[in-house]
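Laid out in structure tokens, this is it:
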């Protein structure tokens with residue numbers, strides 16, 4: 100292969116397994132996770148869209164999160180399932196660019212939405228009298244639009260810059276989907292100033308979101324512990340804990356995947372971690388939220404009952 104990305108027509112993704120039996124097992128596992136994610140997120144989207152009493156800021160952002168999770172699972176998993184079923188590792192150059200863009204876009208959007216949702220929890224518990232003012236329908240729409248737009252621009256910059264770099268270290272990626280760090284490993288230049296600048300901006304954004312979320316939850320827990328009634332405390336915790344669980348799963352697995360020391364790195368561990376932060380959260384998020392939220396469970400039950408009676 101020549102020392103230029105122009106000669107690369109496709110990339111080779113990480114093989115999930117060596118034997119045919121394990122490949123088929125991975126296909127079945129991914130199929131099960133995909134169906135669970137599609138069903139769970141689809142039910143949340145339908146319940147919030149159809150249930151007028153769920154047209155509140157919390158459920159509006161949950162609807163956006165479910166849309167993001169659906170997009171995330173559809174970006175990475177179908178290609179991995181196709182490769183496992185047909186015993187191949189290929190992804191086209193254009194296909195890799197599209198996958199990298201959408202994955203970067205949706206991961207950034209998820210973090211932005213989780214940050215906004217922590218603000219929603221903070222206002223509802225710490226400033227309940229100002230909730231309608233601070234989180235009116237227009238404010239919610241503006242925050243959601245800002246999250247989608249900033250995620251789009253961030254993904255566009257990273258994708259355009261990553262695929263403008265000359266690649267001279269082959270075309271094999273050590274990941275089952277295309278992401279920025281894996282493409283950069285193939286680059287001829289390891290000190291590209293543009294990409295270092297973009298990564299610095301991304302790190303600052305992630306750190307800023309993390310600090311904002313931590314500050315919000317410190318204030319939330321201080322306020323909750325001052326609530327005199329046990330029932331009041333329980334209700335406040337029940338709305339915060341699902342969000343905190345989703346947030347912890349997303350941030351800890353993603354951070355550990357990219358910042359773990361090379362000494363503990365291995366292909367099997369890397370694969371497990373990448374599945375944990377890219378595939379498992381979209382499937383688990385609906386379960387975490389629906390199990391803890393009585394309003395959402397009741398709306399889904401009513402919707403399912405209506406469908407059954409309609410048929």
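Residue numbers (the working numbering): 100 to 410.
By construction, the Cβ of each residue, glycine as well, lies at the ideal position given by its N, Cα and C atoms.
Bear in mind that the values here come from a model prediction, so they are computed numbers and not experimental data.
Next on the checklist: Three or more C-beta pairs under 8 Å: does that hold for the region 158–170 against the region 234–245?
Outcome noted: yes
Next on the checklist: Is the separation between the beta-carbon of residue 203 and that of residue 253 shorter than 8 Å?
Outcome noted: The count along the chain shown starts at 1 and reaches residue 203 at position 104. The count along the chain shown starts at 1 and reaches residue 253 at position 154. Result yes, Cβ atoms of residue 203 and residue 253 sit closer than 8 Å.
Checklist entry - Is DSSP giving residue 253 helix, strand or coil here? => result Against the chain shown, residue 253 aligns to sequence position 154. In this structure, residue 253 counts as helix in the three-state DSSP scheme.
Checklist entry - So, are the CB atoms of residue 137 and residue 167 less than 8 Å apart? => result Within the chain shown, numbered from 1, the residue matching residue 137 stands at position 38. Within the chain shown, numbered from 1, the residue matching residue 167 stands at position 68. No, the pair does not count as a contact, with Cβ atoms beyond the cut-off.
Checklist entry - Should residue 214 and residue 306 be called a contact, given that it needs their Cβ atoms to be closer than 8 Å? => result To locate residue 214, count along the chain shown from 1; it is residue 115. To locate residue 306, count along the chain shown from 1; it is residue 207. Result no, Cβ atoms of residue 214 and residue 306 do not sit closer than 8 Å.
Checklist entry - Based on the DSSP output, what are the partners of residue 189 in its beta bridges? => result Residue 189 sits at position 90 when you count from the first residue of the chain shown. Paired residue(s): 111.
Item to check | Per DSSP, cross-strand counterpart(s) of residue 245 | outcome: Translated into positions along the chain shown, residue 245 becomes position 146. Looking at the DSSP assignment, residue 245 forms no beta bridge with any residue, so it has no partner.
Checklist entry - Does the count of Cβ pairs from the region 162–181 and the region 220–228 closer than 8 Å reach three? => result no
Item to check | Proximity winner among 274, 234 and 279, relative to residue 256 (alpha-carbon distances) | outcome: As a position in the chain shown, residue 256 is number 157, starting the count at 1. Taking each of 274, 234 and 279 in turn and checking the Cα distance to residue 256, the smallest one comes out for 279.
Next on the checklist: Less than 6 Å between C-beta atoms, sequence neighbours within five positions excluded: which residues of the same chain meet that for residue 376?
Outcome noted: On the chain shown, position 277 is the one that residue 376 refers to. Annotation for residue 376: 352, 353 and 356 place their beta carbon closer than 6 Å to its own, counting only its chain and skipping 5 residues before and after.
Next on the checklist: If we require 4 or more residues per run, which alpha helix (DSSP H) segments fall completely within the region 150–201?
Outcome noted: Runs found: 156–185.
Checklist entry - Taking C-beta to C-beta, are residue 258 and residue 349 nearer than 8 Å? => result As a first step, residue 258 is located in the chain shown; it is residue number 159 there, counting from the start. As a first step, residue 349 is located in the chain shown; it is residue number 250 there, counting from the start. Contact: no.
Next on the checklist: Going by DSSP, what residue range makes up the alpha helix (DSSP H) through residue 231?
Outcome noted: Translated into the one-based positions of the chain shown, residue 231 becomes position 132. From DSSP, the alpha helix (DSSP H) with residue 231 extends over 230–233.
Next on the checklist: I'd like to know whether the C-beta atoms of residue 383 and residue 389 end up nearer to each other than 8 Å.
Outcome noted: Here residue 383 refers to the residue found at position 284 of the chain shown. Here residue 389 refers to the residue found at position 290 of the chain shown. No, the Cβ-Cβ distance between residue 383 and residue 389 is not below 8 Å.
Checklist entry - Do you know offhand how far residue 210's Cα is from residue 308's? => result Taking the first residue of the chain shown as position 1, residue 210 is located at position 111. Taking the first residue of the chain shown as position 1, residue 308 is located at position 209. For the pair residue 210 and residue 308, the Cα-to-Cα distance works out to about 8 Å.
Checklist entry - So does the region 320–333 actually touch the region 228–240, counting three or more Cβ pairs closer than 8 Å? => result With a cut-off of 8 Å, the region 228–240 and the region 320–333 do not count as touching, because too few Cβ pairs lie within range.
Checklist entry - In three-state terms, what does DSSP make of residue 398? => result Indexing the chain shown from 1 puts residue 398 at position 299. In this structure, residue 398 counts as helix in the three-state DSSP scheme.
Item to check | residue 314, buried or exposed, once every other Cβ within 10 Å from all chains shown has been counted against 16 | outcome: Taking the chain shown and counting its residues from 1, the one referred to as residue 314 is at position 215. So residue 314 counts as exposed.
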